[in-house]
Ligand code: SF4
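In my numbering, the protein residues as written are 112 to 543.
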């Protein structure tokens, strides 16, 4: 019998995604013969050893765009091994970068296959093709992938997603790790800097309350006592159109989970690693949420204090909405942690002044300001825009806010990464 091994690249930066990915791979290998699976921080060394013992080695990465620059040398090494062993070594990438730039993932980063979405649905089919199929055939039976066809052209297969995400979970035996519980996938808003809605073509889907509560109970039985919910918009759960809060669904989700976990867990909704849109921070939502959740911080996405810029970037709310959300959150006992993005495309001196004014005012009201620098991510309408630069007026305001102890964020590091992303996107040279 031919033997294959899957090597999953581990990195601390996307450990939560890797928990879900690993749970898919663990189920896959448990139901197939002749396939082993390992997780490796150093896939290069693992692959060098594995090609001695296995007929096929499948190396998998989950990529976020800011990560690719630290992986170039490793990917070059894997490409060299690939040149020597041909299709005995297959390189697969998924994650937001592969979804946003499938062609570049294949042509420039040297992967054989980019998985663009819905790993639970795509990976078992793709791995079956690689492990048991005939790789001289096209991968056209596998949805959601990009690859080079026999003529060398990059082909993208059809879009396919489930009505409700399932088939992966927030716990990996192999990693011995748990992750926040995903309750929602995709987004129906269209902020021009964001990859999330575009990966799933603006569809928003929710895991069912029963599925979420069952996963939480499984975590609880493993000893987890703080359960964090993961969503692009934490208060968006269950919204039929994804654009207005569904208070009854949020309440049912929280109550059911709490009861499934014997009323003995701390629930975290709307805080790291999720945030909430300000237009979803209503009195009704807060009254329900504050009955169940343990977090005192609420992460609210403002992004800019300028109404003109908020319109330009497609946020779908104005600055007044941010002030209202913050006041309501404080009234309900939360500390708002408010996100801002500096150097957005089209930002004028006037926009900077409006944002500085809002940040100072929010800090004065008791908020924490969390700063980000605009990064031109592939697959977004802003992908070819110049990288964000931090205006001196922001630096001045940030210094004052830092003195109040009300500042967080990695905007300095992101300024450097944004420049590298821009260089990568606007050049067409081979990287690997
Ligand atoms: S609301 Fe959030 S997830 Fe949705 S498009 Fe805007 S930034 Fe992205």
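Just so you know, even glycine gets a beta-carbon here, dropped at the ideal spot from N, CA and C.
Is the closest heavy atom of the ligand SF4 to the C-beta of residue i under 7 angstroms?
i           : result
residue 270 : no
residue 497 : no
residue 307 : yes
residue 388 : yes
residue 412 : yes
residue 300 : yes
residue 276 : no
residue 125 : no
residue 287 : no
residue 406 : no
residue 207 : no
residue 343 : yes
State buried or exposed for residue i, treating a residue as buried only when at least 16 other CB atoms are found within 10 Å of its CB.
i           : result
residue 451 : buried
residue 273 : exposed
residue 395 : exposed
residue 120 : buried
residue 556 : Outside the displayed range of the chain (112 to 543) lies residue 556, so it cannot be described from this structure.
residue 255 : buried
residue 405 : exposed
residue 391 : buried
residue 407 : exposed
residue 373 : exposed
residue 491 : buried
residue 283 : buried
Just confirm the distance between the C-beta atoms of residue i and residue j, as a whole number of angstroms; I'd bet it's less than 8 angstroms.
i           : j           : result
residue 447 : residue 493 : Going by Cβ atoms, the distance from residue 447 to residue 493 rounds to 26 angstroms, so no, they are not a contact pair.
residue 356 : residue 345 : At roughly 10 angstroms, the Cβ-Cβ gap does not stay under 8 angstroms, so residue 356 and residue 345 are not in contact.
residue 411 : residue 386 : 7 angstroms
residue 200 : residue 162 : 7 angstroms
residue 206 : residue 155 : The pair is not a contact, with the Cβ atoms about 19 angstroms apart (cut-off 8 angstroms).
Tell me the DSSP secondary structure of residue i in three-state form.
i           : result
residue 201 : strand
residue 213 : helix
residue 513 : helix
residue 227 : coil
residue 465 : helix
residue 453 : strand
residue 116 : strand
residue 486 : coil
residue 165 : coil
residue 519 : strand
residue 253 : coil
residue 315 : coil
residue 500 : coil
residue 83  : Any question about residue 83 goes unanswered here, given that the chain covers just 112 to 543.
Report yes if the C-beta of residue i is less than 7 angstroms from at least one heavy atom of the ligand ATP; otherwise report no.
i           : result
residue 275 : In the structure shown, the ligand ATP is absent; the only ligands present are the ligand SF4.
Mind checking if residue i is an interface residue toward chain B, Cβ cutoff 8 angstroms exclusive?
i           : result
residue 190 : Absent from the structure: chain B. Only one protein chain is present.
> Taking only runs of the beta strand (DSSP E) that begin and end inside the region 379-449, which ones reach a length of at least 3 residues, in chain order?
Replying inline: 408-414
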